[in-house]
Each structure stands twice: as structure tokens, then as C-alpha cells.
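**Q** Every letter in the sequence shown is one number past the one before it in my numbering, and letter 249, counting from 1, is 244.
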Amino acid sequence: NSPETPVFHKGRELYGLYEARQASNKIRRFVVVEGYMDVIALAQFGIPYAVATLGTATSRDHIETLFRHSEELIFCFDGDEAGRRAAWRALENALPTARDGRQIKFLLLPEGEDPDTLVRQNGKDYFEGLLDECDTLSEYFFKHLAAEVDTRTMDGRARLASLAKPHLEQLPAGVLQQLMLKRLGEITELEDIQLAAPLAAKAAPPRQADEFADYSEFEGLHSDQPPPYHDYDGESTGSGPSRSPRPKPVRRQALDKNKKRDEISLVDATIRMLLNAPRQATGLTLPDELQQLQLPRMETLLELFEFIKQKPDASTAAILGHWQNRDDSDTIFKLAAKEFLLPNDEQGPELGDAIRRLYLQKVEQDLDQIIAEGVKDKTRFKELLHLQKELSK
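1) Can you list, in chain order, the stretches of the beta strand (DSSP E) that have 3 or more residues and sit fully within the stretch 86 to 125?
2) Any idea which residues DSSP pairs residue 131 with across the strands?
3) Please determine, among 67, 60, 139, the residue with the shortest C-alpha to C-alpha distance to residue 74.
4) From which residue to which residue does the alpha helix (DSSP H) around residue 60 run?
5) Tell me which residues share the same chain as residue 84 and place their Cβ nearer than 6 Å to its Cβ, disregarding the 5 neighbours each side in the sequence.
6) Less than 8 Å separating the beta-carbons of residue 285 and residue 297?
7) Using a Cβ cut-off of 8 Å (strictly closer), state whether residue 264 contacts chain B.
8) What I want to know is whether the C-beta of residue 353 ends up closer than 7 Å to one or more non-hydrogen atoms of the ligand FAD.
9) Are three or more beta carbon pairs between the stretch 287 to 301 and the stretch 349 to 364 nearer than 8 Å?
10) Measure the Cβ-Cβ separation of residue 346 and residue 299 and say whether it is below 8 Å.
11) Does the beta-carbon of residue 82 have 16 or more other beta-carbons within 10 angstroms, so that it is buried, or is it exposed?
12) Going by DSSP in three states, residue 144 sits in which element: helix, strand or coil?
13) Around the C-beta of residue 161, are 16 or more other C-beta atoms found within 10 angstroms, so that it is buried, or is it exposed?
14) I need the boundaries of the beta strand (DSSP E) containing residue 288, first residue and last residue.
15) Kindly indicate which residue of 93, 72, 66 has the alpha-carbon position closest to the one of residue 31.
16) Measure the CB-CB distance between residue 102 and residue 129 and report whether it falls below 8 Å.
17) Distance, Cα to Cα, residue -2 vs residue 8?
18) Taking all protein chains shown into account, do 16 or more other C-beta atoms lie within 10 angstroms of the C-beta of residue 57, making it buried, or fewer, making it exposed?
19) Determine the DSSP secondary structure at residue 136, reduced to helix, strand or coil.
20) Expressed to the nearest angstrom, what Euclidean distance is found between the alpha-carbon atoms of residue 17 and residue 112?
21) Using CA coordinates, which residue listed in 68, 39, 41, 49 is at the minimum distance from residue 29?
22) Where does residue 273 land, buried or exposed, given buried means 16+ other C-beta within 10 angstroms?
23) Starting from residue 156, follow the alpha helix (DSSP H) in both directions and report where the run begins and ends.
24) Note the first and the last residue of the continuous beta strand (DSSP E) segment covering residue 46.
25) Applying the 10 Å Cβ sphere with the 16-neighbour rule, what's the burial state of residue 305?
26) Out of 114, 174, 42, 96, state which residue places its alpha-carbon closest to the alpha-carbon of residue 134.
27) For residue 10, collect the residues of the same chain with a Cβ closer than 8 Å to its Cβ; drop the 5 residues on either side in sequence, then sort them by chain order.
28) Which residues bound the beta strand (DSSP E) around residue 69?
29) Under 8 Å, do residue 126 and residue 69 count as touching if we go by C-beta distance?
30) Among 119, 141, 26, 106, which residue has its Cα nearest to the Cα of residue 99?
31) Where DSSP assigns a beta bridge to residue 9, which residues make up the other side?
32) Leaving out five residues before and five after residue 340 in sequence, what residues of the same chain have Cβ atoms less than 6 Å from its Cβ?
33) Considering Cα atoms alone, identify which of 123, 261, 179 is closest to residue 114.
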């Protein structure tokens, strides 16, 4: 219970983590317990993968730290009221980290028991058997909330839906969120689409801003290349790049100056990568849907991409020379002047992922529109939700 210092942060450190990593290079799972003596007792009985917080609740930083070393976390707490509160706080902090492929489980021991006494009385095999049979995140989530309402009544089911949805909004978009949404629909007897609409609205805020963002801190987008798209075919006439007529956008979203830097600067980051390593774009295509994406400087990005496609051998200097007399030349020159952190040969995957994220923003804009119109086209809505999930992987 020592105080925080510049080199000691209780909200990040975990008792026993160093020893667990020393005991095994490949840790199958971690068990998070409440006390130091629990960690020591479990280690003495051959369970070296237990850790404990340093007098604080389990934080998101703790959880992310553990997930860097294992794909499975088990929260093991006493079964008394304090233990149940600690378990629920841990679940709330774990929800934003629960990406597909990660396993989060909960074991509440009988009241009056703790890991120390239980493993001493019953041994390693018994305790690990409890760990193997404990509740998954989804099981514990619905078990906890269902205990607070009467799901036999309509009022109780409505109350359950209102309690659950704010928590489900914290889950990353993916299979787990969809399955938990489906389970909530089964319990409350509401259709999935009625529950999904508010989640999609929460997950898809407007993505525009009208200010020029410094993207010098952009360090990349580290997932795979986007799925295959239809080729973007533009016709060139005269000396400058041109494109097929762009369809009129369905609607313009209000500008929002309070977006995070990575959201308002994704277009700028993509332009920078194209300027810094134009040859990396030769193997990529833009999805046609990006012609309707309403973001600042999207027009410049589309024209730059097409120019590079038409002139695949063009150097950065040649591109800047072509753009010097254009209205958006200041934007191009400012972005080109930023120091880039990645070597040229590493920017192909980064550029592909930037395109994928731009496509995701277009899908989210389309979801916004459908929700604003009352989800009249349910088939299209489900298609967009599926596409959003795929692009979010």
C-alpha cells in the first residue's frame, strides 16, 4: 500500500507477474486473485500463473498487460459481497479489451473461502478443476444482471435490456459482441436488429472535421491488407488527373472538431504515405464507395491516388511539381514536409490498412444514415453490420 511515485504506478503493476514469466515462456492463462498470500500459496502448490493487483481494483491497464503474455484471463475472487463487487468492476474494465480470440472468465469461490485456504485444503488438481469449469465473460455477465431483475415479466426483460446495452457498447465490434447481443435478444424476446441499432449508432459517430491536423505522430495501422475491391477506373483528359463523375453524396454530416487525432487525420496520413512512397500504391485499388466518403481532403486523396495509378513511376518530386499550381497545393506540400517514421518498404501494408479504415468510415456513415431513417432496409442494415465487423478485424 505504498504511495504512487514517478517509477511506481499501482494501477499498472501486478504482483507475481515477473515470477510467472520466469516460470514459463508460454503462459496458457493467468489467474487474477485478490491477495499477495493467494499468489504465494498457489505458487507453492504448483500454480505459478497467479497474479494480484497492488491494493487497487483491476484496471484496464492491468488487463492489457496480461493479454500481452496470454490469451486467457481468469478473475478469481471470494464469494462475499466485496468479492462480487470486485468481479463486476473487473468485468466492466475487461469489456473494451475483449477482442475475438481472447478469453475472459470468472470464478467466485464459496463465501468464506479464498484461493489460499482452498488450495491448501484440496490441492492443485481440485483448484485447477474449478478454473477449468468457471464462467465465461458472457455467462457471468448475464448471470449477474439476471439476478437483479425478474426475466419472467416484460418489465424485467425491458430492465435487463436497458442494463445490458450500455455494457455491450463497450465491447469491440466482432463476433463476441454479436453473440452476446443475440443472447440478450433471446432472454428479452427482442429481435437482434432492435438491439443492434443503438449499438451501431453509438459505434458510428460523425467522422468529419474542418481543421488541418498535424499527423506527425501517426505510427501506422498494423493489420493485414484490405479485402479485394473493384478497380477504380478513372479517365484522364488534359494534363491533370480526372475521374469519372462522382455520385452526389447521400448526405453531409456536421463537422465535429472534437474528434480524436487519429480519426480526423486518417486522410492526411494516407496522403502522406502516398507522397512518401508512391510506388507502394501500384498494387492497391480503392473501393468505389470511397468516392462518396465525406471527409476533409478526401477529394485530394482520390485525385492523388489516381495520378499515381496513371503515372506509376512518378517520384515524390514529380508529384509535387504537378500539384504546385493547384488550390490544394499547400496541403500537399505541408504533408510532404512531415518526417515519416516508417521506411518506404514497410508502407505497403500500412497504406493498405489505411484504405481499409477509410472504407470502414464509409460503412459507418452509411449505418448512420440508415439508422437516422429508422432502419427501413433491414437487409442492407445487416449487410453493413457484417461489413463493419469484417473491416474492424
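Just so it is clear, CB atoms sit at the ideal spot from N, CA and C, and this is done for glycine as well. Everything numeric in this text was worked out from a predicted model, so none of it was measured.
**A** Checking against the coordinates, here is how it stands:
1) 98 to 103
2) Taking the sequence shown and counting its residues from 1, the one referred to as residue 131 is at position 136. Its beta-bridge partners are 100.
3) On the sequence shown, residue 74 is found 79 positions in, with the first residue counted as 1. The residue with the shortest Cα to Cα distance from residue 74 is 139.
4) The residue you call residue 60 lines up with position 65 of the sequence shown. It spans 55 to 62 - the alpha helix (DSSP H) in which residue 60 sits, taken as one unbroken run.
5) Against the sequence shown, residue 84 aligns to sequence position 89. Correct list, in chain order: 52.
6) Working through the sequence shown from its first residue, we reach residue 285 at position 290. Working through the sequence shown from its first residue, we reach residue 297 at position 302. Yes, they are a contact pair.
7) Although the question refers to chain B, the structure presented lacks it and comprises just one protein chain.
8) Summarising the ligand content, the structure contains no ligands, and the ligand FAD is consequently not present.
9) yes
10) The sequence position of residue 346 within the sequence shown is 351, counting from 1. The sequence position of residue 299 within the sequence shown is 304, counting from 1. No; because the gap between Cβ atoms is not below 8 Å, this pair is not in contact.
11) If you number the sequence shown from 1, residue 82 lands on position 87. Classification for residue 82: buried.
12) The sequence position of residue 144 within the sequence shown is 149, counting from 1. It is coil, neither helix nor strand.
13) Looking up residue 161 in the sequence shown gives position 166. With fewer than 16 other Cβ atoms within 10 Å, it is exposed.
14) Position 293 of the sequence shown, counted from the first residue, corresponds to residue 288. Element bounds for residue 288: n/a, residue is neither H nor E.
15) Your numbering for residue 31 matches position 36 in the sequence shown. Per the Cα distances, 72.
16) By one-based count along the sequence shown, residue 102 stands at place 107. By one-based count along the sequence shown, residue 129 stands at place 134. Yes, they are a contact pair.
17) Working through the sequence shown from its first residue, we reach residue -2 at position 3. Working through the sequence shown from its first residue, we reach residue 8 at position 13. Distance between the alpha carbons of residue -2 and residue 8 is about 13 Å.
18) Locating residue 57 in the sequence shown gives position 62, counting from the first residue. So residue 57 ends up on the buried side.
19) Position 141 of the sequence shown holds residue 136. DSSP places residue 136 in helix when its eight states are reduced to three.
20) Reading the sequence shown from its first residue, position 22 is the one you call residue 17. Reading the sequence shown from its first residue, position 117 is the one you call residue 112. Computed Cα separation, rounded: 25 Å.
21) Here residue 29 refers to the residue found at position 34 when the sequence shown is read from its first residue. Minimum Cα distance to residue 29 is reached at 49.
22) Here residue 273 refers to the residue found at position 278 of the sequence shown. When all chains shown are included, residue 273 counts as buried.
23) On the sequence shown, residue 156 is found 161 positions in, with the first residue counted as 1. Start and end: 149 to 163.
24) The residue given as residue 46 occupies position 51 in the sequence shown. Residue 46 -> beta strand (DSSP E) spans 45 to 48.
25) The sequence position of residue 305 within the sequence shown is 310, counting from 1. Residue 305 should be labelled exposed.
26) Residue 134 sits at position 139 when you count from the first residue of the sequence shown. Nearest option by C-alpha distance: 174.
27) In the sequence shown, residue 10 corresponds to position 15, counting from 1. Contacts found: 31, 34, 46, 47, 48, 49.
28) One-based indexing of the sequence shown puts residue 69 at position 74. Residues 67 to 72.
29) Along the sequence shown, read from residue 1 onward, the residue named residue 126 stands at position 131. Along the sequence shown, read from residue 1 onward, the residue named residue 69 stands at position 74. Yes, the pair counts as a contact, with Cβ atoms nearer than the cut-off.
30) Walking along the sequence shown from the start, residue 99 turns up at place 104. Of 119, 141, 26, 106, the residue nearest in Cα terms is 26.
31) Indexing the sequence shown from 1 puts residue 9 at position 14. The partner list for residue 9 (beta bridge, DSSP) reads 48.
32) The residue labelled residue 340 in the question sits at position 345 within the sequence shown. With a pLDDT of only 45 at residue 340, under the threshold of 50, the placement of this residue in the model should not be trusted; the figure read from the coordinates follows. Excluding positions up to five away in sequence, the list is empty.
33) Translated into the one-based positions of the sequence shown, residue 114 becomes position 119. It is 123.
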